[in-house]
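Visitor:
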Amino acid sequence: MDKSTFGSVIDAVFKVLIDGNADDETVLAALLHDIGQFVTSPDHKEMLFDAAALTDLDPAAAAAAAAESSASVSGSTTAINLNTPNKKKISVGVTGHERIGAEYLRSLGFSEKVAVLVEAHVPVKRYLTGKYPEYYDGLSGASKLSLKYQGGPYTAKEVALFEKDPLFELKVQVRQWDDAAKVVDLKVPGLEYYRPMAIRHLEEQASNRCSVVV
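Residue numbers (full-length UniProt numbering): 1 to 214.
1) For Q150, which option in V94, T40 and S207 has the closest C-alpha, if you only look at C-alpha atoms?
2) Rounded to whole angstroms, what's the CA-CA distance from H33 to H201? Just pull it up for me.
3) Give me the Cβ distance between L117 and T26, rounded to the nearest whole Å; I'm assuming they're in contact under 8 Å.
4) If I measure Cβ to Cβ from V114 and keep anything under 8 Å in the same chain, skipping five residues before and after, which residues do I get?
5) Beta-carbon of V27 versus every beta-carbon of chain B: anything under 8 Å?
6) Express the C-alpha separation of S107 and K148 in angstroms, rounding to a whole number.
7) Roughly how far, in whole angstroms, is the beta-carbon of K144 from the beta-carbon of R175, given that I think they are within contact range, below 8 Å?
8) Ignore the nearest five residues each way along the sequence and tell me which others in G109's own chain have a CB closer than 7 Å to its CB.
9) Do G141 and H97 have their C-beta atoms closer together than 8 Å?
10) Could you name the residues of the same chain whose beta carbon sits closer than 6 Å to that of Y154, not counting the 5 residues immediately before and after it, in chain order?
11) Whose C-alpha, out of A160, Y135 and L191, is nearest the C-alpha of A180?
12) According to the neighbour-count rule (16 or more other Cβ atoms, all chains shown, within 10 Å of its Cβ), is K157 buried or exposed?
13) Can you give the Cα-Cα distance for E103 and K164, rounded to whole angstroms?
14) Return yes when the Cβ of F162 is within less than 8 Å of the Cβ of P123, no when it is not.
15) Of all the options A120, E112 and Y132, which has the alpha carbon lying nearest to the alpha carbon of R99?
16) Which runs of the beta strand (DSSP E), 3 residues or longer, sit entirely within the segment 108–160?
17) Alpha carbon to alpha carbon, how far is V159 from P166? Give it in angstroms, no decimals.
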């Protein structure tokens, strides 16, 4: 995980904590919502676009991507793939990372609620861009490009259906915390701060499974 991405994830989690009223599962989901970007094999399909596409949408992000490429950052959300002849390709993330992340967390023993909230990260983006056109305008260039791979904004029918989800409000809140937490130089706890919470959660889940078996 590159430093800038790690920082934004921690910022998002800290935003959950300072807002209060979030249980451990919600905090862990906010912390791990992008884990699917980092647990895939090197040859996993990525969302690639010509560098010019990102330059048109977000010149600053394109410049950052070019800088990343010189350092050969494999798997970065802004890494440039120079293997394509005569064209630079920019990766804006791993295809299906929300599903990959959810399944990975399930395999480790995290609760279904954590996995569901992680998997909702992309559907909520599609919901918000479909419901509120101005939300799309506020996305980064990379996020606008990845939306094309992710199915685009929801239709009015899909928006209405998504709003009937029992976890609808919580799913949207986690996404909004992430969006609101990208504050430069925000002082936040390190990853170790969350380790006891994760361990406690996994132990509780293991205990619950044992109780069911007995």
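By construction, the Cβ of each residue, glycine as well, lies at the ideal position given by its N, Cα and C atoms.
Since we're looking at a predicted model, the values are computed, not measured.
Guide: The structure says:
1) V94
2) 16 Å
3) 7 Å
4) E25, L28, A29, L32, L105 and H201
5) Here there is only one protein chain, and chain B is not present.
6) 29 Å
7) Going by Cβ atoms, the distance from K144 to R175 rounds to 15 Å, so no, they are not a contact pair.
8) Within the same chain, Cβ atoms closer than 7 Å to the Cβ of G109 are found at L202, Q205 and A206, the five residues on either side in sequence being excluded.
9) no
10) R126, Y127 and G130
11) Y135
12) exposed
13) 24 Å
14) yes
15) Ranking A120, E112 and Y132 by Cα distance to R99 puts A120 first.
16) none
17) Cα to Cα, the separation comes out at about 14 Å.
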